[in-house]
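Below you'll find the structure, written out as structure tokens, and then a few comments.
Residue numbers (this note's numbering): 1 to 129.
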């Protein structure tokens, strides 16, 4: 059963990482919805690029034990900013997605332990054999 939870954890972590990398890349390449969304909320173009870069880098950093908690904190701060922005400028029902994502990031931050000494049979990524 422990192996099932470990696999489920990795699948969930990879999906959250992909979500942030994809969202970041779309902001960086200037995808129309991203550009229009940031403009509609009154943010300058450089802010969209900054958020996109932080999301892409944070998404990748979630996958590594040494940086996972820092990445979860960074991305959590971005999600809190998104929630506040949506509540003040946008449509309040739109807050559901960043709120759920924030909960997932809190779980990653709490459950993803930093790298420590490896135990027998553990790989470099912290996955047992």
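All residues carry an ideal CB built from backbone N, CA and C; glycine is no exception.
Given a cut-off of 8 Å, decide if residue 40 and residue 58 are closer than it, judged by their beta-carbon atoms.
The residue you call residue 58 lines up with position 58 of the chain shown. The residue you call residue 40 lines up with position 40 of the chain shown. No, the pair does not count as a contact, with Cβ atoms beyond the cut-off.
Neighbourhood of residue 94 by C-beta distance below 7 Å, restricted to the same chain and skipping five residues each side
Counting from one through the chain shown, the residue named residue 94 turns up at place 94. Around residue 94: 86.
Answer yes if the region 1-13 comes into contact with the region 31-40, meaning at least three C-beta pairs across the two stretches below 8 Å, and no otherwise.
no
Proximity winner among 66, 77, 51, 111, relative to residue 22 (alpha-carbon distances):
In the chain shown, the residue the question calls residue 22 occupies position 22. Among 66, 77, 51, 111, the Cα nearest to that of residue 22 belongs to 51.
If contacts are defined as beta-carbon pairs under 8 Å, then residue 108 and residue 68 qualify, I think. What distance do you get, rounded to the angstrom?
Within the chain shown, numbered from 1, the residue matching residue 108 stands at position 108. Within the chain shown, numbered from 1, the residue matching residue 68 stands at position 68. That belief holds up - the Cβ atoms of residue 108 and residue 68 are roughly 6 Å apart, short of 8 Å.
Tell me the DSSP secondary structure of residue 64 in three-state form.
Stepping through the chain shown from its first residue, residue 64 is reached at position 64. If DSSP states are grouped into helix, strand and coil, residue 64 belongs with coil.
How many Å lie between residue 66 and residue 111 at the Cα?
Taking the first residue of the chain shown as position 1, residue 66 is located at position 66. Taking the first residue of the chain shown as position 1, residue 111 is located at position 111. For residue 66 and residue 111, the distance between alpha carbons rounds to 13 Å.
Nearest to residue 56 (by Cα), restricted to the options 42, 29, 24, 44
Here residue 56 corresponds to residue number 56 of the chain shown, with the count starting at 1. Looking at the Cα atoms, 24 is the closest of the given residues.
How many Å lie between residue 60 and residue 54 at the Cα?
Mapped onto the chain shown, residue 60 falls at position 60. Mapped onto the chain shown, residue 54 falls at position 54. Their backbone Cα atoms lie some 10 Å apart in a straight line.
Between the CA atoms of residue 114 and residue 80 - distance to the nearest angstrom
For the purposes of this step, residue 80 is identified with residue 80 of the chain shown, where counting begins at 1. For the purposes of this step, residue 114 is identified with residue 114 of the chain shown, where counting begins at 1. Roughly 24 Å separates the two Cα atoms.
Determine the direct distance from the alpha carbon of residue 20 to that of residue 129, and round the result to whole angstroms.
The sequence position of residue 129 within the chain shown is 129, counting from 1. The sequence position of residue 20 within the chain shown is 20, counting from 1. Confidence at residue 129 is low in this model, with a pLDDT of 46, below 50, so its placement is unreliable and the value that follows should be read with caution. Looking at the two C-alpha atoms, the distance is approximately 29 Å.
Consult DSSP for residue 38 and reduce its assignment to one of helix, strand or coil.
As a working mapping, residue 38 is identified with position 38 in the chain shown. Looking at residue 38 - three-state DSSP - the assignment turns out to be helix.
Environment of residue 92 [buried if 16+ CB atoms lie within 10 Å]
On the chain shown, position 92 is the one that residue 92 refers to. Exposed, since its Cβ has fewer than 16 Cβ neighbours within 10 Å.
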